[in-house]
Amino acid sequence: MNCKKIFITTALISLMSFLPGVSFSDPVQDSSTNGNFYISGKYMPSASHFGVFSAKEEKNPTVALYGLKQNWEGVRASAHNDNDFNNKGYSFKYENNPFLGFAGAIGYSMGGPRVEFEVSYETFDVKNQGNNYKNDAHKYCALGQQDNSGKAKANTYVLLKSEGLLDISFMLNACYDIITDGIPFSPYICAGIGTDLVSMFETTNPKISYQGKLGLSYSISPEASVFVGGHFHKVIGSEFKDIPTLKAFASSTATPDMAIVTLSVCHFGIELGGRFSF
Numbered sequence: 001m002n003c004k005k006i007f008i009t010t011a012l013i014s015l016m017s018f019l020p021g022v023s024f025s026d027p028v029q030d031s032s033t034n035g036n037f038y039i040s041g042k043y044m045p046s047a048s049h050f051g052v053f054s055a056k057e058e059k060n061p062t063v064a065l066y067g068l069k070q071n072w073e074g075v076r077a078s079a080h081n082d083n084d085f086n087n088k089g090y091s092f093k094y095e096n097n098p099f100l101g102f103a104g105a106i107g108y109s110m111g112g113p114r115v116e117f118e119v120s121y122e123t124f125d126v127k128n129q130g131n132n133y134k135n136d137a138h139k140y141c142a143l144g145q146q147d148n149s150g151k152a153k154a155n156t157y158v159l160l161k162s163e164g165l166l167d168i169s170f171m172l173n174a175c176y177d178i179i180t181d182g183i184p185f186s187p188y189i190c191a192g193i194g195t196d197l198v199s200m201f202e203t204t205n206p207k208i209s210y211q212g213k214l215g216l217s218y219s220i221s222p223e224a225s226v227f228v229g230g231h232f233h234k235v236i237g238s239e240f241k242d243i244p245t246l247k248a249f250a251s252s253t254a255t256p257d258m259a260i261v262t263l264s265v266c267h268f269g270i271e272l273g274g275r276f277s278f
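What follows is the structure, given as structure tokens:
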């Protein structure tokens, strides 16, 4: 994806530009090379860069997805009509995450190289596209087995309701701090691989993932520092199985079962945090 290429290119250019200033003098005489442990915490506002959402029933053919009409009266309305699902080709989209992105890590630093185990938490709400949908209509879609002139056909569809996407990741990162003599600022670069627990539609799927980080840290004291940087995170594999479907609002003979959702999950953004050595 474009965001991945941009991030990697920026990381390599930054690394090459800082290398000439790195001091390699007297490495053997520096007793700090024994290393030390550290803990860190950070705030991570992120932008979603997800692919196109699609879904299908596991046991029945799905010809199309249908969204609700924008002026839907809501779940508690006195009557529901199959014609409410008149938005053929509807697809869930997801908001950016400006507030609910956090991570913590414990690691071991050896003066320049360091390794860390990081746990992060990111949540992305379903987007009300154009803010045109009423009564949470944007959170529902119908998986139709047959089409009825651009609408979901009665007795041949089940529902999905999206409350958003939660991504909890467990990453092992390899990092390098580019330390220069007499300068409190230290550029850093990291690459990591791990496992994500991606939760949506009340189901959690484990996925392999990878990430990259690039930033600048500032030493406040020998034990403490603050940092600011950018991150890129990508989940490997876009298919999520065993997603439970719901019965249609209107009277229906279609039986809810399991569905398969396809969605490429990728997000990137900035990170602001602190690190404490002990």
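The sequence shown begins at 1 in the numbering used here and counts up by one.
Here a beta-carbon is modelled for each residue, glycine too, at the ideal position from N, C-alpha and C.
The region 90 to 106 and the region 121 to 130 touch, with no fewer than 3 CB-CB distances between them shorter than 8 Å. Going by beta carbons, Ala55 and Ala259 fall inside the 7 Å limit.
Taking a contact as a CB-CB distance under 8 Å, the pair Cys266 and Lys234 counts as one, their CB atoms being some 5 Å apart. Between the region 206 to 220 and the region 179 to 189, the count of Cβ pairs shorter than 8 Å is three or higher; the stretches touch. The C-beta distance from Tyr43 to Gly273 rounds to 7 Å, short enough to fall under 8 Å. Straight-line measurement puts the Cα of Glu116 at about 12 Å from the Cα of Asn36.
In the DSSP annotation of this structure, Arg76 is not part of any beta strand (DSSP E), being labelled neither H nor E. Comparing alpha-carbon positions, the option among Phe50, Phe268, Val228 and Gly112 lying closest to Tyr176 turns out to be Gly112.
Taking one beta carbon from each stretch, the region 151 to 162 and the region 243 to 254 have 3 or more pairs nearer than 8 Å; the two touch.
For Ala224, the closest C-alpha among the options Asn86, Arg275, Ala142 and Val52 is that of Arg275.
Residue pairing by DSSP places Gln211 opposite Gly192 and His233 in a beta bridge.
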